[in-house]
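Those protein sequences? They're chains A and W, same order as listed.
Read in the working numbering, the first sequence has 133 at position 146, and its numbers run on one by one without any break.
So the mapping is simple: the working numbering equals the position in the second sequence, first residue as 1, plus 63.
Virtual Cβ for every residue (Gly too), placed ideally from N, Cα, C.
Step one of this worksheet: look at the structure below.
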Amino acid sequence: MDGERFGSFEQIKIIVRYELLRHLRRRRLYAVLFITALIGMLPLIVLKGLNVGFPEVKQWTSTYYGYISLIVIVSGAFFAGDAIASEFEQKTGYMLFPNPVKRTSLVIGKFIAAFLPVLLAVGFYYAIGVISMWATYGTIPTATATSFAYAVLFSCCVLGLTFLFSAVLKGSMGATLLAFFTLFLILPIIGFVLTFTGNEPWYLPTYASGIITYIFDPPAKRVEIIPTDGLKFYVFYPDFLISVIVMAVYFIVTLLLSMLITNRKEMA
Amino acid sequence: MLNEGCEATFLEAIVTEGLTKYYGKILALNDLNLKIEKGRCVGFLGPNGAGKSTTIKILCNLIRPTRGKAYVNGYNTVVEPTKALKDVGAIVETPEFYSYLTPMEILGYFGRLRGMAVHDLKQRILQVLETAKLSEWANTKIGKFSRGMKQRLGVAQAILHNPPILILDEPALGLDPRGMYEIREIIKAIVKEGKTVFLASHMLHEIQETCDSVALLNKGKLLAYDSIANLENVFKAKKIYVELLRPLEPKQIGKIEKLENVRAVSTGEKSLTISFEGGEAEQAELLAKLVKDVGVQVVSFKPSLEVLEEVYLQLVKEGS
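Structure follows, in structure tokens:
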């Protein structure tokens, strides 16, 4: 086919297809779906097993969908941690990069291929939630769709950050672990310290991801101050619009940076 | 496309202009100027760390030069890498593939990335796997492959799209003698088709058998770039290997050493390698004297493959 007519879009589709094949062959997709099913079913099994009855619907949905961040972070690290780094670490780039494909196309293709299984895991978790809620309460909160949209946006944000680590670091394991610990420990700890000192960490994606659950029962105030003996405890609630913008900015900036770094990275 | 003032033209498949590469403070490539005409097979020789792989990586857009430019098919490899690489088949270092794919799948992936039509692609994959003697393992996961098999697969992917330009970095590395021979035959067939081959290798005889020209590199600097015949003449390094019916006697060896134009003589059990000065006429005269004056019973003779080695060692020594 004529090289001019055979464009980047076609190449991206091919990259997505073969990257998805990689996820399937390496069984990571099945592992993530198993973890998702476990996290999705366990609270239901515990409540049924203990026979304590289900809490009020808003309270239950907020609690249940609170675990989605964990699923997004685990699956994001699983599918994106080695996306770029492995080409350099395992030297497969020596075969891939001399093909007439823009590295930007490679990053976009790999990103889409990482996003789809994460989307599948998130969708699977929401499906379990929706079915269980319908079975238990006979109703599904209307905010579920918005919550799902926020979760998808958070997924993009997590994948963008993980792609950035994968582009910067030489090792896949390092990128995967750094992504996991940054999103699961480091950023939440920074958020906690900032909150403790009375500063709202609105610019942290992990804090912004709180809107995934707050949408079920939006707080009346953005900040609560709880006075105790000589101390003030602050509780901040993320603003919906600001949080969406923060997650979108993280997603776009980190993805662009990972493209830029991959373009510049040398296969020495 | 080519910039104004650039000396590269479409007559040349590969051009490097003042190509220089530093890794930190280490100078890997020093002002390399090279022009490889289309349809030529050029060997790229040099010891470890000479800068061969660095040059090939720049040509394949795997690394960027610190200074200078590299053109493939008239396109700057840094400015227009996709156009430069469109008509190139390459093997860089030891080929590594995705272990979870089979040769059919990986070649399908690369073929489709290059825009090859799906219905033609399958046929072509089977063809190149046959050429690389991998048909039997077409549907086996690459994770189970030996280094030699991966090397063969590397060759298969390099020729998959029938490229007019091949850039090969040690294509026979890790292969057994039969495998090396087969790869050499593949390259020879490609050269016969009029394609351009740029072949980096440590194996001097591989280059001598396959290529018409050779570029000698040492410590990042180009020492010589000429046809093998010219280099032999310049360095007066003609050698012939003579197979004998019986082992030589010491006095016969003495006589040969005293013959006109003979520079050195080395003997095997029933063989003789003579290094001499001159061209074909001197060679004919020498062979005649061997039979008539020395009484050697010659079974056969052929040019020695050690010639290039001599030139190479001499140049590297001078370069150092």
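*Mapping DSSP to helix, strand and coil, what is K0/A?*
helix
*Name the two residues that bound the continuous beta strand (DSSP E) containing K219/A.*
218 to 223
*asked:* Taking beta-carbon pairs under 9 Å, can you tell me which members of the region 153 to 183 of chain W lie near chain A?
replied: A153, I154, V155, E156, T157, P158, E159, F160, Y161, S162, Y163, L164, E168, I169, G171, Y172, F173, R175, L176, R177, G178, M179, A180
_Using a Cβ-Cβ cutoff of 7 Å, what residues of the region 64 to 91 of chain A are near chain W? List them in chain order._
Q77, K78, T79, Y81, M82, F84, P85, N86, P87, V88, K89
*Would you mind stating whether I205/W and Y172/W have Cβ atoms separated by less than 8 Å?*
no
*In the DSSP assignment, find the unbroken alpha helix (DSSP H) run with A344/W in it and report its ends.*
343 to 355
*asked:* Tell me the DSSP secondary structure of C144/A in three-state form.
replied: helix
*Is any beta-carbon of chain W found at less than 8 Å from that of G(-10)/A?*
Reliability fails at G(-10)/A, whose pLDDT of 45 lies under 50, so the model's placement of it is uncertain and the value that follows must be treated cautiously. G(-10)/A counts as touching chain W.
*For the region -9 to 24 of chain A, which residues have a beta carbon sitting closer than 7 Å to at least one beta carbon of chain W?*
F(-7), Q(-2), I1, Y5, R9, R12, R13
*asked:* For I10/W and L280/W, I'd like the C-alpha separation in whole angstroms.
replied: With chain W running from 64 to 383 in the structure shown, residue 10/W is simply not present.
_Can you check whether the C-beta of E301/A is within less than 8 Å of a C-beta belonging to chain W?_
Examination of residue 301/A is not possible in this model, given that chain A is present from -12 through 255 alone.
_Going by beta-carbon coordinates alone, are S(-5)/A and V94/A separated by less than 8 Å?_
no
*alpha helix (DSSP H) segments (min. 4 residues) lying fully within the region 190 to 262 of chain W*: 210 to 222, 240 to 255
*For A221/W, which of W189/A, T163/A, N86/A has the nearest alpha-carbon?*
N86/A
_Where R13/A sits in the DSSP three-state scheme_ = coil
_Continuous alpha helix (DSSP H) stretch holding I248/A: start and end_ = 227 to 251
_Three-state class that DSSP yields for F66/A in the structure shown_ = helix
*Min CB distance M64/W to chain A below 8 Å*: Caution applies to M64/W, whose pLDDT of 48 falls short of 50 and renders its modelled position unreliable; the value that the coordinates give is listed next. Output row for M64/W: interface = no.
*asked:* Just to confirm before moving on: does the CB-CB distance between A67/A and T149/A stay below 8 Å?
replied: yes
*asked:* For the region 116 to 137 of chain W, list every residue whose C-beta sits within 8 Å of some C-beta in chain C, in sequence order.
replied: Included in the structure are the protein chains A and W, with no chain C among them.
*Quick one: using the 10 Å Cβ neighbour count with 16 as the cut-off for buried, is P128/W buried or exposed?*
buried
*Below 8 Å, can you find three or more Cβ-Cβ pairs linking the region 258 to 275 of chain W to the region 223 to 237 of chain W?*
yes
*asked:* Any heavy atom of the ligand GTP inside 7 Å of the beta-carbon of K0/A?
replied: Only the bare structure without any ligand can be found here, which leaves the ligand GTP out of the picture.
*Would you mind telling me which residues of chain A sit closer than 8 Å to L148/W, beta carbon to beta carbon, in chain order?*
P85, N86, P87
*asked:* Measuring only the C-alpha atoms, how far is M64/W from E(-3)/A?
replied: The pLDDT assigned to M64/W is 48, lower than 50, so where the model puts this residue is not dependable, and the model offers no usable value.
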